[in-house]
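Taking it in order: structure first as structure tokens, then the write-up.
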Amino acid sequence: MARYLVIVESPAKVKTIKKFLGSNYVVTASNGHVRDMPKSQMGIDIENDYEPKYITIRGKGEILAKLRKEVKKADKIYLATDPDREGEAISWHLSKALKLEDKKVYRISFNEITKNAVKASLKNPREIDMDLVDAQQARRVLDRIVGYKISPLLWAKVKRGLSAGRVQSVALRIIADREEEINAFIPEEYWTLDADLKVKGERKLLTAKFYGTEKSKMTISSKEELDEIMKEVENAEYSVADIKKGERTKKAPVPFTTSTLQQEASKALNFATAKTMRIAQQLYEGVDIKGSGTVGLITYLRTDSTRISEEADATVREYIREGFGEEYVSDGDVKKSSDKKIIQDAHEAIRPTDVTRTPAAVKEFLSRDQFRLYQLVWKRFIASRMQPARYETTSVKIAAGQYRFTVAASKIVFEGFRSVYTEAGETKEENNVLLKGLDMDSVLTKESLNSKQHFTQPPAHYTEATLVKTLEELGIGRPSTYAPTISTIIARRYVAKENKNLYLTEIGEVVNNIMKQSFPSIVDVNFTANMESLLDGVAEGKVRWKTIIENFYPDLEAAVEKAETELEQVKIEDEVTDVICEECGRNMVVKYGPHGKFLACPGFPDCRNTKPYLEKIGVPCPVCGKDVVIRKTKKGRRYYGCEDNPECEFMSWQKPSTKKCPRCGKYMLEKGNKLVCSDEQCGYVENIENNKDN
Numbered sequence: 001m002a003r004y005l006v007i008v009e010s011p012a013k014v015k016t017i018k019k020f021l022g023s024n025y026v027v028t029a030s031n032g033h034v035r036d037m038p039k040s041q042m043g044i045d046i047e048n049d050y051e052p053k054y055i056t057i058r059g060k061g062e063i064l065a066k067l068r069k070e071v072k073k074a075d076k077i078y079l080a081t082d083p084d085r086e087g088e089a090i091s092w093h094l095s096k097a098l099k100l101e102d103k104k105v106y107r108i109s110f111n112e113i114t115k116n117a118v119k120a121s122l123k124n125p126r127e128i129d130m131d132l133v134d135a136q137q138a139r140r141v142l143d144r145i146v147g148y149k150i151s152p153l154l155w156a157k158v159k160r161g162l163s164a165g166r167v168q169s170v171a172l173r174i175i176a177d178r179e180e181e182i183n184a185f186i187p188e189e190y191w192t193l194d195a196d197l198k199v200k201g202e203r204k205l206l207t208a209k210f211y212g213t214e215k216s217k218m219t220i221s222s223k224e225e226l227d228e229i230m231k232e233v234e235n236a237e238y239s240v241a242d243i244k245k246g247e248r249t250k251k252a253p254v255p256f257t258t259s260t261l262q263q264e265a266s267k268a269l270n271f272a273t274a275k276t277m278r279i280a281q282q283l284y285e286g287v288d289i290k291g292s293g294t295v296g297l298i299t300y301l302r303t304d305s306t307r308i309s310e311e312a313d314a315t316v317r318e319y320i321r322e323g324f325g326e327e328y329v330s331d332g333d334v335k336k337s338s339d340k341k342i343i344q345d346a347h348e349a350i351r352p353t354d355v356t357r358t359p360a361a362v363k364e365f366l367s368r369d370q371f372r373l374y375q376l377v378w379k380r381f382i383a384s385r386m387q388p389a390r391y392e393t394t395s396v397k398i399a400a401g402q403y404r405f406t407v408a409a410s411k412i413v414f415e416g417f418r419s420v421y422t423e424a425g426e427t428k429e430e431n432n433v434l435l436k437g438l439d440m441d442s443v444l445t446k447e448s449l450n451s452k453q454h455f456t457q458p459p460a461h462y463t464e465a466t467l468v469k470t471l472e473e474l475g476i477g478r479p480s481t482y483a484p485t486i487s488t489i490i491a492r493r494y495v496a497k498e499n500k501n502l503y504l505t506e507i508g509e510v511v512n513n514i515m516k517q518s519f520p521s522i523v524d525v526n527f528t529a530n531m532e533s534l535l536d537g538v539a540e541g542k543v544r545w546k547t548i549i550e551n552f553y554p555d556l557e558a559a560v561e562k563a564e565t566e567l568e569q570v571k572i573e574d575e576v577t578d579v580i581c582e583e584c585g586r587n588m589v590v591k592y593g594p595h596g597k598f599l600a601c602p603g604f605p606d607c608r609n610t611k612p613y614l615e616k617i618g619v620p621c622p623v624c625g626k627d628v629v630i631r632k633t634k635k636g637r638r639y640y641g642c643e644d645n646p647e648c649e650f651m652s653w654q655k656p657s658t659k660k661c662p663r664c665g666k667y668m669l670e671k672g673n674k675l676v677c678s679d680e681q682c683g684y685v686e687n688i689e690n691n692k693d694n
């Protein structure tokens with residue numbers, strides 16, 4: 001009997017796939033990559049047309065020896081690694097490492113680990129797609145060149161163990177730019193005004209919001225403006241000026257892509273991107289379900305496509321028809337408006353492999369986190385093929401002299417997809433019903449006017465979810481790179497994560513400044529996005545992969561040489577302080593550690609004494625008059641506090657100034673090139689330049 005060998009990446013898939021195939025099939029795993037460039041050197045022959053040098057990954061010799069034994073016994077070999085560029089590259093590396101040139105070798109790929117999908121792939125084997133392999137090679141070589149050329153510079157300038165990466169450096173820059181925006185943000189005052197009105201014949205009060213005049217909307221920017229308006233509306237007659245009724249629809253969402261799954265799992269389940277990918281991988285590879293054995297519950301998790309196979313589409317529509325009724329089934333396919341021209345390797349969206357396998361049916365076989373993620377994917381997929389939700393809307397304008405107030409309400413008339421799925425942060429009930437008796441002839445009496453002062457808020461700090469969204473919108477990285485990129489900048493402590501928010505650390509700031517100064521193109525968002533489209537061109541067979549490297553390398557080499565010279569001149573020497581080491585009497589020096597600056601004894605290794613470095617900023621504490629120093633939270637986020645902490649509790653995220661506010665006498669804060677009063681209610685602002693001139 002013929003003997004067939006199927007090689008997959010993950011041992012977890014072996015069990016799932018084995019049960020679909022006959023006894024003449026042997027299924028085994030490569031445990032991911034088997035070859036890579038050496039860690040000890042760049043591993044790219046620059047002189048020889050940028051040829052990569054591949055070696056067997058340490059620890060993979062035993063696996064390859066076992067695979068070679070199986071190869072010898074096999075009549076046909078099927079390489080069944082993941083259905084993306086990386087998977088294609090692993091298949092190619094396996095064919096080289098196992099010397100399969102003279103064997104009957106076929107590449108098969110499936111988007112879901114189900115019996116039908118695996119069997120169908122065996123009926124349609126193909127050759128390894130060298131365009132996809134080359135796109136992956138180009139990415140690895142580019143990343144390698146950037147990492148191995150720039151990282152040693154960071155070691156020389158700051159400290160060993162730092163790294164620069166093509167995508168991670170851009171992600172760091174995006175976070176740093178947002179931090180700058182937030183720090184430079186100056187709040188602007190505005191007021192809201194609500195009128196509580198009694199409608200004749202109704203017990204409940206009606207709250208109307210200030211809109212403006214009959215002709216245009218108005219923002220109330222100051223107390224003076226508010227007082228002016230209040231004078232008129234205080235004693236005005238209130239009447240209904242206009243009632244508009246209409247209908248609004250809310251479209252069903254598209255099924256998940258890698259990016260949208262990471263964003264929604266972060267918002268709805270509070271999962272970090274890396275956790276989402278880890279659990280999705282488990283659901284994709286297979287879970288033991290009583291009565292069915294090991295079953296792959298979702299399709300492949302690295303995709304930027306929202307496409308759905310015809311078979312899956314027909315099945316889900318039938319499921320909706322039976323469970324909800326014909327009127328809930330959507331008319332056509334749901335299209336994502338921003339669907340890219342390049343869909344990663346003709347993938348499908350992330351969906352359940354079998355829509356009839358409901359979350360409730362599999363709950364007892366899944367961990368809590370697996371169940372929650374599966375339920376999210378399942379509900380979103382069902383919702384994507386359902387009708388929009390429909391609302392009846394009512395908008396009322398109320399006249400008060402020359403001014404207008406508005407009341408808006410909506411009532412859901414058909415739930416559509418919302419009977420299954422609502423996005424995180426969205427309330428299930430959007431019903432906000434108006435008083436039934438309100439019409440053009442209603443008699444209104446003012447009960448009270450309520451005004452409130454507000455200040456505009458700075459842009460929000462990035463979270464993992466919003467950073468993924470931004471990276472995707474800017475065309476930076478691929479679905480498979482979002483989670484490792486974010487994990488890397490957090491692990492390197494360039495970024496601190498506190499309450500979901502990502503903050504730049506001191507080390508992150510230093511690295512970002514060096515990258516911006518010496519390698520502006522590497523951290524340029526447009527340059528990186530353009531590089532992604534070139535890599536897509538390689539995958540489509542339109543661009544030769546080495547051409548990208550040839551065009552990229554000389555510019556990088558020149559920038560590195562220039563940076564080496566410049567950075568050599570400004571190499572950080574250990575800064576000697578007047579703090580005496582209590583163990584050996586030497587003057588302690590400032591060094592960089594994983595969390596930023598610290599004090600260390602220069603007598604290392606004989607004396608290993610270290611202590612926190614509290615850098616004074618030359619400003620007296622506004623509370624007690626002692627020195628203000630730079631402090632850090634446990635995660636490494638920087639703030640300004642009193643040196644006498646915890647006795648003095650003064651703290652500020654913004655740098656305080658020595659100057660007092662001329663209007664109210666409180667301390668001022670530096671925000672970009674402005675000085676702003678620390679009391680928002682005061683709102684005094686002046687230019688730092690003017691201040692310096694004084």
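Its first residue numbered 1, the sequence shown is counted upward by one per residue in our numbering. Note that beta-carbon positions come from the ideal geometry of N, C-alpha and C, so glycine has one too. Remember, it's a predicted structure, so these values are computed and weren't measured experimentally.
- A600 counts as buried, since at least 16 other C-beta atoms from the protein chains shown sit within 10 angstroms of its C-beta.
- If the five residues before and after K18 are omitted, its C-beta is found closer than 8 Å to the C-beta atoms of Y25, V27, all from its own chain and listed in chain order.
- Taking 7 Å as the cut-off, the Cβ atoms of D227 and K209 do not count as close.
- Boundaries for G246: no alpha helix (DSSP H) harbours it, while the beta strand (DSSP E) harbouring it runs 238 to 250, taken from the DSSP string.
- Rounded to whole angstroms, the separation of the alpha carbons of T577 and K546 is 51 Å.
- With fewer than 16 other CB atoms across the displayed protein chains lying within 10 angstroms of its CB, D288 is exposed.
- Beyond the five residues adjoining it in sequence on each side, I549 comes within less than 6 Å, by CB distance, of Y50, V141 in the same chain, given in chain order.
- Judged by DSSP in its simplified three-state form, I382 adopts helix.
- The distance from the Cβ of G477 to that of V167 is about 5 Å, consistent with a contact at the 8 Å cut-off.
- Residue pairing from DSSP places N687 in a beta bridge opposite K674.
- Secondary-structure assignment with DSSP links L205 through a beta bridge to K198.
- Look at the stretch 484 to 547 and you find these whole runs of alpha helix (DSSP H), each 4 residues long or longer: 506 to 518, 525 to 539.
- If you draw a straight line from the Cα of K215 to the Cα of F405, it comes to about 12 Å.
- Under the 10 Å beta carbon count, S221 is surrounded by fewer than 16 other beta carbons and is classified as exposed.
- Exposed is the label assigned to T249, since fewer than 16 other Cβ atoms lie within 10 Å of its Cβ.
- With contacts defined by Cβ atoms closer than 7 Å, V523 and G508 do not form a contacting pair.
- Listed in chain order, the alpha helix (DSSP H) runs fully inside the stretch 359 to 408 are 359 to 362, 368 to 384, counting runs of at least 4 residues.
- Going by DSSP, I174 is part of the alpha helix (DSSP H) stretching over 166 to 184.
- Straight through space, the alpha carbons of A272 and T481 are spaced by roughly 14 Å.
- In the three-state reduction of the DSSP assignment, K215 falls in the coil class, being assigned neither a helical nor a strand state.
- When only Cα atoms are considered, R126 and K104 end up about 11 Å apart.
- Around the CB of R385, 16 or more other CB atoms lie within 10 Å, so the residue is classed as buried.
- For R631, the enclosing beta strand (DSSP E) stretches over residues 627 to 632.
- Annotated three-state conformation of S151 is helix, per DSSP.
- M440 counts as exposed, since fewer than 16 other C-beta atoms from the protein chains shown sit within 10 angstroms of its C-beta.
- Fully enclosed beta strand (DSSP E) runs of no fewer than 3 residues occupy 76 to 79, 105 to 107 of the stretch 65 to 124, in order along the chain.
- Here V443 has K200 as same chain residues with Cβ atoms under 7 Å from its own Cβ, once five neighbours each way along the sequence are excluded.
- Nearest neighbour of V146 by Cα position, chosen from K516, Q654, E557, turns out to be E557.
- The criterion of a C-beta distance shorter than 7 Å is not satisfied by K659 and Y640.
- A buried status is given to A265, since no fewer than 16 other beta-carbon atoms sit within 10 Å of its beta-carbon.
- The distance from the Cβ of T257 to that of T303 is about 6 Å, consistent with a contact at the 8 Å cut-off.
- When secondary structure is reduced to three states using DSSP, P352 falls in the strand class.
- The C-alpha of D143 is placed about 15 Å away from the C-alpha of K53.
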